[in-house]
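Structure record follows, encoded as structure tokens.
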Amino acid sequence: MLDIAIDRMSPVPLYHQFAQQLEQAIEHGLLLPGALLGNEVELAERLGLSRPTVRQGIKSLVEKGLLVRRRGVGTQVVHSTVKRPLELTSLYDDLEEAGQAPSTRVVHNDVVPASAEVAAALGIRQGDSVVRLERIRYANGLAVAVLRNHLPTDLLLDLDTQLLEATGLYRLLDAAHIRLHSAHQAIGAHSATAEEGDHLGEPEGAPLLSLRRTTYNAAGEAVEYGTHLYNAARYVFEFRLLMRQ
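Remember, this note's numbering sits 155 above the position in the sequence shown when you count from 1.
Shown next as structure tokens:
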């Protein structure tokens, strides 16, 4: 039973107060995917709200993809949306800080020849050996991202798969005293391949968010090149914008 506190003296509409607190409960793992809220009549009686107020609040979260209405069942939590600021941070750390219970499955951890794209990003020759990592990142048990990274082979000499499944890559770099200083990244869109869709629980061709990031140390040397894909229904990038003076 969630403690929903409605302030009837607040200028914020009642439906919005209701929806906002439900959304926070989902984001912080208090309401897990699959949890049932009951039907609108039950919710209205339980919270002392009118049915139209509850209906409007639920509608706003259904439109955000957080809730779904099921005939004969009621309102059910689908998943929480991961909100991530655009900063030089690790997805693992961001999920953990948000209470999203991160976990990882390693698909690839091997050494391969650098493609032209990877070589250009890391400042090496095409065909030079690089470490290839591919991981599926989960939040509260739901796949949110396919993470593909390439690193110079002499950067982390013992990149253990069990460690990669237990923590984030940036934590391992920090533990090896490799200090990240800056990054260049670009955000775009991508249509899921059959394999990518399978990883993220989406059909082939589904729209995904894409991110390409090259990370540098204080000396300006590239230490990591990442090409990541995110489930667009479960993931949001947040920007803080300032007016140019």
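Quick reminder that beta carbons are idealized off the backbone N, C-alpha and C, glycines included.
What separation, rounded to the nearest whole angstrom, lies between the Cα atoms of residue i and residue j?
i    : j    : result
Q340 : E379 : 12 Å
G296 : E182 : 13 Å
I333 : E200 : 56 Å
L328 : L311 : 7 Å
F173 : G220 : 16 Å
E251 : V233 : 20 Å
A269 : G352 : 25 Å
L216 : A330 : 40 Å
I279 : L314 : 20 Å
V267 : R367 : 19 Å
R225 : Q231 : 7 Å
K214 : E357 : 23 Å
Q211 : E218 : 11 Å
Taking only heavy atoms of the ligand MN into account, decide whether any of them is closer than 6 Å to the Cβ of residue i.
i    : result
P358 : Among the components of this structure there are no ligands whatsoever, and the ligand MN is therefore not found.
One question on the structure: do residue i and residue j come within less than 7 Å of each other, judged by their Cβ atoms?
i    : j    : result
N304 : G381 : yes
A300 : H171 : no
V209 : L191 : no
H336 : Y385 : no
V261 : L319 : yes
S284 : T316 : no
L302 : V286 : no
A180 : L187 : no
I159 : L202 : yes
L363 : A388 : no
Y247 : G323 : yes
Taking only three categories from DSSP, how would you classify residue i?
i    : result
G352 : helix
R368 : strand
H401 : With the chain covering 156 to 400 only, the question about residue 401 has no answer from this structure.
E376 : coil
G229 : strand
A298 : strand
T259 : strand
L306 : strand
R224 : strand
T316 : helix
I291 : strand
H183 : coil
Check: Are there three or more Cβ pairs, one per stretch, closer than 8 Å when the segment 287 to 302 is compared with the segment 257 to 269?
Finding: Using a C-beta cut-off of 8 Å, the segment 287 to 302 makes contact with the segment 257 to 269, since at least three inter-stretch Cβ pairs fall below that distance.
Next item on the list: Please confirm if the segment 346 to 363 is in contact with the segment 269 to 278, defined as three or more CB-CB distances below 8 Å between the two stretches.
Entry: Segments in contact, no.
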